[in-house]
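Written out below as structure tokens is the structure these notes cover.
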Amino acid sequence: MLEEPIHMTTDTRDERVRAVPTLSRLLARPELGAVAGALLVFAFFAVTAGGSGIYSAKGIVNFLEISAQLGILAAPVALLMIAGEFDLSVGSMIGFAGIAIAIPTLAWGWPIWLAVLFAFAVCGFFGYLNGLIVVKTGLPSFIVTLGSLFMLRGLTLGIMRGVTGRTQASGLHEYSRDDWITPFFSGQVLRTPVAWLADLGIIGKRADGLPMITGIPMSIIWWIALTLFCTWLLTRTRFGNWIFAAGGEANAARNLGVPVARTKITLFVFTALAATLFAAIQVLVTGSADTLRGNLKEFEAIIAVVIGGTLLTGGYGSAIGAMFGALIFGVVQMGIFYTGIDTDWFKLFMGAMMVTAVLFNSYVRNRAMRNR
Amino acid sequence: MTGPVLELSGIRKTFGGVTAIEDFSLEIFPGEIVALVGDNGAGKSTLIKIVSGVHPPSAGSIALDGQPVVMSNATMARMLGIEVVYQDLALADQQAVYMNLFLGREPLTALGLLDRRRMIAETEKLVKELDVRIPSAHAAIRDLSGGQRQGVAIARATHWASKLILLDEPTAALGVAETARVEEIVRSLKKRNIGVLIISHSLDQVFRLSDRICVLRRGKQIGVRDTKATDKNEIIAMITGLKQG
């Protein structure tokens, strides 16, 4: 039995460090399911509704606007879910933020810009309260924000009816038209390049000779900007690392000096502000506010985030994934409309899509893991 | 030889009317491994918490390198160069090894962004030095075995501890081979001139690793022995109360 350790090697690479194949690294990305799903629905509607104009400039802007609204919520909700918490009050917050803009403008004669800033401040404070209660009491955020879901909706209805006697307010365009803040929420950008593309014939024209679209709505810009910001935050900053740690192993993070409570509270404020942004865009585009606005948006946002590969248990996920989740949402909603299928079927489809995406994500992740 | 890195004298800790620790004194020198043994409820974990700044002692003094210190929280203890490897390891499962090593103390670039390159480079260097066998600095913690996780937790403590590492049952959940690996890593800490205080229920392990053994029984310090000058029977007698001092 002579065994001598004579495995001398000239290779300077540590034999314990094995390169992870690029493909399996790619497969392990959280966004994979959402990207694949997006490609799938794009292809599906290209076949079933290709000739109906869903992929014309007008159609694209239409579904992007729907995606953008949801995506504005989904990006911050993704961060919060990665930190291991839920915010079910997002939808009610949208309704509340809407009347927080409408009432000061209509009843108190405030300029729109002040009313919008007021809404941001008040909703930000409510988000802070959500976070504070979750962190201080240790109750599950699901319960705490379920409470705020009802409380905010009730507060919205009570205040709105108390002040104006009605549940809706319209005619806000009159006040917002000349306000400096309006273009930031309901304006369009890139008008010149769009007109130029229309002249070249790349963007189609309507029967009266005007281009189908005149510019890109600000909501789409907000969506992309917020997603990029959240991605940057998550992957490049210390705060982003704390978000992952807070959701992955809060106790461990706390032991190591990560300010878990502060991180979570900040994210609750962030989702509340995103809901306010959503409301500000909606109010200034439609010129109206309604106490029922934002209903079920909290769950739509969660669907987009989960399709995007974020784990419900926290500690893992991505904002880019949430963006694709929101994109799928918009494409399917408009696609069903364009194909002429009864839109009643939309929710059935989205629910099934979410479960499929989650199954797909976990399947691929497990496979990628085993390949290592 | 230089002076002790940690000097505990007359430490006493009461929780309400219950005395958890009474009159405990111990010195730990740089490069020395001291084992803390005792039955369940003897006060070992309380003592670790006192030294790591979680609980302030009710009486007595703590000195680091001869300087008296008062630690009001765990962050302060860390700043003073004391690291703890917790029983539950305190690792973020979904995160990469290098992120865990720097969690809460992430190095930043000039622009205030995470300095990943530096984290990865330092992780690889450390992992090599300590001979922790992990697939890569990029590996997520959940993909590692129990022994590898423990290795990462110890590597993290080693990276940040300038004076003292406290190990609370580092091999309680590990198999035989993995325990041996972790013990090797602990032994290699001696070369770094760091003091090590280890809690272990395994007397075999205590005798393999430690230079001195300190026995606690019901909050009382029964005695300290040089590992070479004692045997298991004596230590067991001290733990169970058959022998006083």
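Residue numbers (the working numbering), protein chains in the order written: chain A, 1 to 372; chain P, 1001 to 1245.
For glycine and all other residues, C-beta sits at the position ideal for the given N, C-alpha and C.
- Beta-bridge pairing by DSSP links P/E1129 to no other residue.
- Contact check for A/E31 against A/F268 fails: the beta carbons are separated by 9 Å or more.
- Between the C-alpha atoms of P/G1017 and A/G248 there is a straight-line separation of about 37 Å.
- When CB distances to chain P are screened at a threshold of 9 Å, the residues of the segment 225 to 244 of chain A falling below it are W232, T235, R236, T237, R238, G240, N241, W242, F244, in chain order.
- Here A/P217 is bridged, per DSSP, to A/Q188.
- With respect to A/G309, A/G321 sits close: the two C-beta atoms are nearer than 9 Å.
- In terms of beta-carbon proximity, A/Y316 lines the interface with chain P, with at least one pair separated by less than 9 Å.
- Residue contact with chain A for P/T1075: present (Cβ-Cβ distance below 9 Å to some residue of chain A).
- Just so you know, the alpha carbons of A/T182 and A/M212 end up roughly 23 Å apart.
- For P/Q1150, the uninterrupted alpha helix (DSSP H) run begins and ends at 1146 to 1160, by DSSP.
- In chain order, P111, I112, W113 place their CB closer than 8 Å to the CB of A/D179, counting only its own chain and leaving out the 5 sequence neighbours on each side.
- By the neighbour-count criterion, in which a residue is buried when 16 or more other Cβ atoms sit within 10 angstroms of its Cβ, P/G1041 is exposed.
- The beta carbons of A/S92 and A/L152 sit about 4 Å from each other, so the pair counts as a contact at 8 Å.
- Contact annotation for A/L79 against chain P: no contact, minimum CB-CB distance about 15 Å [criterion: below 8 Å].
- DSSP lists no bridge partner for A/R161.
- In this chain, the beta strand (DSSP E) harbouring P/E1083 covers 1082 to 1085.
- Along the segment 1147 to 1169 of chain P, the positions whose C-beta sits under 9 Å from a C-beta of chain A are R1156, read in chain order.
- Boundaries of the beta strand (DSSP E) harbouring P/S1025: 1018 to 1028, taken from the DSSP string.
- Between A/T227 and A/G71, the CB-CB gap stays under 9 Å.
- Look at P/G1053: its C-beta is not under 9 Å from any C-beta on chain A.
- Sequence-ordered contacts of the segment 1106 to 1122 of chain P with chain A read E1106, L1108, G1112, L1113, L1114 [C-beta pairs closer than 8 Å].
- Collapsing the DSSP output to three states places A/Q282 in a helix.
- Linking A/C230 to A/G315 through their CA atoms gives a straight-line distance of about 15 Å.
- In this chain, the beta strand (DSSP E) harbouring P/S1061 covers 1059 to 1064.
- Residues of the segment 251 to 278 of chain A with a C-beta less than 8 Å from any C-beta of chain P: N251, A252, A253, N255, L256, G257, V258, listed in chain order.
- Contact between A/I216 and A/V189 holds: CB atoms are separated by about 5 Å, below the 8 Å threshold.
- In this structure A/E65 is in contact with A/I220, their Cβ atoms being roughly 7 Å apart against a cut-off of 8 Å.
- Between P/L1197 and P/I1235, the C-beta spacing is not below 9 Å.
- Contact check for A/I60 and A/G335: beta-carbon distance about 12 Å, past the 8 Å limit, so the pair fails to qualify.
- Rounded to the nearest whole angstrom, the CA to CA distance from A/D87 to A/S141 is 7 Å.
- The criterion of a C-beta distance shorter than 9 Å is not satisfied by P/R1105 and P/G1151.
- Positions of the beta strand (DSSP E) runs, each at least 3 residues long and wholly inside the segment 1191 to 1227 of chain P, are given as 1195 to 1199, 1212 to 1217, 1220 to 1226 in order along the chain.
- The residue among A/N361, A/A289, A/N130 with its C-alpha nearest the C-alpha of A/L80 is A/N130.
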